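*Asks:* I'd like to ask some things about the structure below.
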Amino acid sequence: DDGLGSFAIRTDPEWACARARPEWPGTSPYVLTVGATQLTTNHLPICNLEYDGYLADLPVDCTLLGEVVCDSRLGGVIVSGGGFSEVYPRDSYAPWQSEAVEKYLNVSSAYPPLDYFNASGRAYPDVAGYGSNYFVYLAGIVQRVSGTSASTPVTAGFVTLWNDLRLANNMSSFGFIPPFLYAMAADAPSTFNDVTYGDNACGAGHSIDTVNCCEESFSAAAGWDAVTGLGTPNFEKISNYILTGSAEGYGKDGANGAAGAAGTDGTDGTDGTAGSDGSDGDDGNGSSGVAVAALIMSIVAACLGGAAIILIFIGQRSSSAGYTLQQS
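All the letters of the sequence shown, read from the start, carry residue numbers 63 to 390 under this note's numbering.
As C-alpha cells, this is what we get:
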C-alpha cells in the first residue's frame, strides 16, 4: 500500500527511494499478488466529496477518466505496490509470466533505470482490484476506507465463485491459478480491464501535504505492468472463458458452446498440470478449504489497514487444502 518504496517510505523516504524496495511475500512466486485501482469522474458520488472518516481528510480527485492506479495524490489514500523480486529469478520461479513481463520491459518509459531494480526477478502484482473508498459500517457509522486489504478479498471472492462455477460444471477447482490467468490474458485480453494511467512513486498518506514520493516509479502501461499486473478481472468474461474457452458469447450458439467447452477442458487440463505443484491444491476442491479461506479473508480484511494483502495458492496434503492470506 506504499508504492515502490515499501512501508519504509512513510518514515525514511531517503532510504526507501534509493532503489526499488520489493516486499515479501508479495514477491513470492507461490502466490497471486493483488494491486489496487481507484475510479474517477464517471463514478459518482465519490468524486468531489471530502473524507470525513477513518483514514484521511483528503479530497477525492476525479479529474481523470476511467479506472486508474490507486494513488494517495489522487485521494486514493494508499498506493498500489509493485516491482520485481530481488530473490526469485522469474525464469526459474514464475515462467508463466515471462512473456507478459518482457513486453512491459520493452517500454522503457514505464520503469526506472535498470540499475534501480532487478529486471529478471519475479514481477508483481499479478492482477489488481478496486481498492479505494469502500463504504463500510464500522464503530457504529458508515466510513470510507481504502487498501489492498480490500482489493484482495474481493479478488479472492471472484476465485471462489469461479471454482463454484467449475465444480457445478463437473470440472476440478483451479488449484494454483496464476498460470491460467496469464495464459487466458494472452489468449483473450478482454478478460481483464487494462489500467494504463498512474504510477507507484508515492507512499500512503493521511494528508496530501505529508505524502512522501520517490523520483522514480513503475508506471501503468498497456498489458501487464508493475503497478496493476494484468489489470482488473472482468468477472463475466472470465466466467465465459472458463466454460467455453472464449471471453464472449457463452450460450449464444449451442454448437459453438459445445465446441468451446470441449476446448476449455483441454486447456484447463494443461493449466492444471502447470499449477499442480497445484495438484495437491486440487485436493482442496472440497468446500471446506474455500469456507475457511472466506472466513480468514473477512477477518484479515477487517483488521488490517495499510499493508498489502496477497492471496496464497499453496497446495496442502490435506482434503481441507485451500486459500490462505498473508500480509506483506
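Built from N, CA and C at the ideal position, the CB exists for glycine as well. All figures in this text were calculated on a predicted structure; none of them were measured in a lab.
1. Cβ of ALA288 within 9 Å of Cβ of PHE146?
2. Would you tell me roughly how many angstroms separate the C-alpha atoms of TRP158 and ALA78, rounded to the nearest one?
3. Looking at the structure shown, is SER281 part of a helix, part of a strand, or coil, going by DSSP?
4. Assess, as a yes-or-no matter, whether the region 136-154 is touched by the region 226-235 under the definition of 3 or more beta carbon pairs within less than 8 Å.
5. Keeping to the same chain, check which residues put their C-beta closer than 7 Å to that of ALA190; ignore five residues upstream and five downstream.
6. By a C-beta neighbour count over all protein chains shown, 10 Å radius and 16 as the cutoff for buried, is VAL207 buried or exposed?
7. Using the Cα positions of TYR244 and ALA263, report the straight-line distance between them to the nearest angstrom.
8. For LEU94, which three-state DSSP category applies?
9. Skipping 5 residues on each side, what residues in its chain have a beta carbon closer than 7 Å to that of ALA70?
10. Compare the C-alpha of PHE181 against each of ASP188, ILE140, TYR166 and name the closest.
11. Nearest-angstrom Cα distance between GLN205 and ASN195?
12. From this set, ASP226, VAL221, ALA247, which residue's C-alpha is nearest PHE238's C-alpha?
13. Could you tell me the distance, in whole angstroms, from the CA atom of ALA248 to the CA atom of PHE197?
14. For PHE236 and ARG81, which I take to be in contact (beta-carbon distance under 8 Å), what is that distance rounded to the nearest angstrom?
15. Along the alpha helix (DSSP H) that carries PHE220, what are the first and last residues, could you check?
16. Please check the pair TRP286 and ALA162, which I expect to be a contact at CB under 8 Å, by giving their CB distance rounded to whole angstroms.
17. Less than 7 Å between C-beta atoms, sequence neighbours within five positions excluded: which residues of the same chain meet that for ASP226?
18. Roughly how many angstroms lie between the CA atoms of PRO241 and PRO91, to the nearest whole one?
19. Please classify PRO215 as buried or exposed, where buried requires at least 16 other C-beta atoms within 10 Å of its C-beta.
20. Quick check: what's the CA-CA separation for GLY144 versus GLY183?
21. Grab the span of the alpha helix (DSSP H) containing TYR155 for me, first residue to last.
22. Could you have a look at VAL139 and say whether DSSP puts it in helix, strand or coil?
23. Distance check for ASP64 and VAL149, CA to CA, integer angstroms please.
24. Quick one, which of GLY128, PHE280, PRO251 has its alpha-carbon nearest SER170's?
25. Nearest-angstrom Cα distance between ILE270 and VAL130?
26. Pull up the distance between the alpha-carbon of VAL93 and that of ALA185, whole angstroms please.
27. Could you tell me the distance, in whole angstroms, from the CA atom of PRO174 to the CA atom of ILE203?
28. Which residues bound the alpha helix (DSSP H) around VAL163?
29. What does the Cβ neighbour count give for TYR303, buried or exposed, with the cut at 16 atoms within 10 Å?
30. Starting from LEU200, follow the beta strand (DSSP E) in both directions and report where the run begins and ends.
*Replies:* Let's see:
1. yes
2. 30 Å
3. strand
4. no
5. VAL96, GLY97, ALA98, THR99, SER142, SER213, VAL257, THR290, GLY291, GLY293, THR294
6. buried
7. 26 Å
8. strand
9. TRP77, ALA78, ARG83
10. Note that residue 181 is Ala in the sequence shown here, rather than Phe. Closest option to ALA181, Cα to Cα, is TYR166.
11. 9 Å
12. VAL221
13. 34 Å
14. Actually they are not in contact, since the Cβ atoms of PHE236 and ARG81 sit about 35 Å apart, beyond 8 Å.
15. 210-230
16. 4 Å
17. none
18. 11 Å
19. buried
20. 12 Å
21. 152-155
22. coil
23. 20 Å
24. PHE280
25. 18 Å
26. 12 Å
27. 42 Å
28. 160-167
29. buried
30. 196-200
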